[in-house]
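Have a look at the structure below, then the notes.
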Ligand code: URA
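Residue numbers (the working numbering): 104 to 340.
Rendered as structure tokens:
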């Protein structure tokens with residue numbers, strides 16, 4: 104038995120908060136009876152309807168996309184820009200697991216499995232993310248130490264990070280830095296570098312959990328294997 108709002112959200116219908124609102128707005132019924140409180144639990148056998156329409160139990164789909172530059176990491180964009188969901192040919196209501204900025208490239212998972220998506224993005228689960236950043240200027244040891252120990256962004260201190268200076272280009276006055284973090288706040292990497300006085304010129308996510316872009320080219324995607332999905336769930340046992 105699971106909470107009604109969780110079941111609605113896990114079917115990829117909407118977020119858990121939006122599901123709570125649907126319930127409180129008298130739009131959800133279970134076995135024909137409108138429910139407008141948040142405590143109730145339902146099972147597989149219960150008939151859940153939203154605005155009188157049966158909650159579709161879509162088969163779960165999982166994709167790994169090498170996100171290209173110039174697409175937004177949402178299902179719909181209010182400025183009508185191309186989204187990561189537009190790239191993937193499916194009728195399932197998939198959405199990205201977390202976000203990459205419009206100009207960031209690299210590993211992005213998409214699914215309609217709300218449960219797995221929540222597990223992967225919940226801060227307490229500390230899923231590894233490795234970024235490679237091209238930075239303006241040559242980063243110094245002091246700045247690296249600060250990034251490693253945590254810096255203040257938007258009024259909170261970031262957790263410990265791993266930082267490796269990979270390459271220095273004196274001619275263009277830029278350098279390449281690899282940063283491993285397990286948080287995923289908005290524009291986190293760019294803000295971390297900004298807080299120590301460096302601008303990120305290019306950003307790629309090389310690793311998310313145990314996924315890399317592998318042999319995919321920018322803009323290409325593939326389905327996850329059953330083994331990979333099991334492995335993902337296994338990270339939280
Ligand atoms: N941090 C950023 O600043 N941007 C991203 O897209 C991802 C992490």
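Virtual Cβ for every residue (Gly too), placed ideally from N, Cα, C. Computed from a predicted model, the values in this text were never measured in an experiment.
| Query | Result |
| --- | --- |
| For residue 232, which of 211, 284, 214 has the nearest alpha-carbon? | 284 |
| Contact between the region 318-329 and the region 167-178 is defined here as three or more beta-carbon pairs at a separation below 8 Å; is this criterion met? | yes |
| So who's on the other strand from residue 374, going by DSSP bridges? | What is shown of the chain runs 104 to 340, which leaves residue 374 out entirely. |
| Give a single yes or no on whether residue 291 has its beta carbon closer than 7 Å to a heavy atom of ligand 1. | yes |
| Assign residue 220 to buried or exposed, taking buried as 16 or more other Cβ atoms, counted over all protein chains shown, within 10 Å of its Cβ. | buried |
| Taking 8 Å as the threshold (C-beta atoms), are residue 188 and residue 311 in contact? | no |
| Cα-Cα, which of 183, 194, 216, 224 is closest to residue 203? | 224 |
| For residue 229, which of 303, 313, 266, 304 has the nearest alpha-carbon? | 313 |
| Kindly examine ligand 1 and report whether one of its heavy atoms sits closer than 7 Å to the Cβ of residue 261. | no |
| Classify residue 246 as helix, strand or coil using the three-state DSSP reduction. | helix |
| Using 8 Å as the threshold, is the C-beta distance between residue 298 and residue 256 below it? | yes |
| How big is the Cα-Cα spacing for residue 333 and residue 167? | 15 Å |
| Ligand 1 heavy atoms versus the CB of residue 234: any closer than 7 Å? | yes |
| Between which two residues does the beta strand (DSSP E) containing residue 272 stretch? | 265-272 |
| Could you say which of 207, 327, 123 lies nearest to residue 144 if we only look at CA atoms? | 123 |
| Skipping 5 residues on each side, what residues in its chain have a beta carbon closer than 6 Å to that of residue 146? | 104 |
| Measuring alpha carbon to alpha carbon, tell me which of 127, 121, 141 ends up nearest residue 106. | 141 |
| Any idea if residue 216 is buried or exposed, counting beta-carbon neighbours within 10 angstroms, 16 or more meaning buried? | buried |
| What are the boundary residues of the beta strand (DSSP E) that includes residue 240? | Note, residue 240: premise wrong, no beta strand (DSSP E); not H, not E. |
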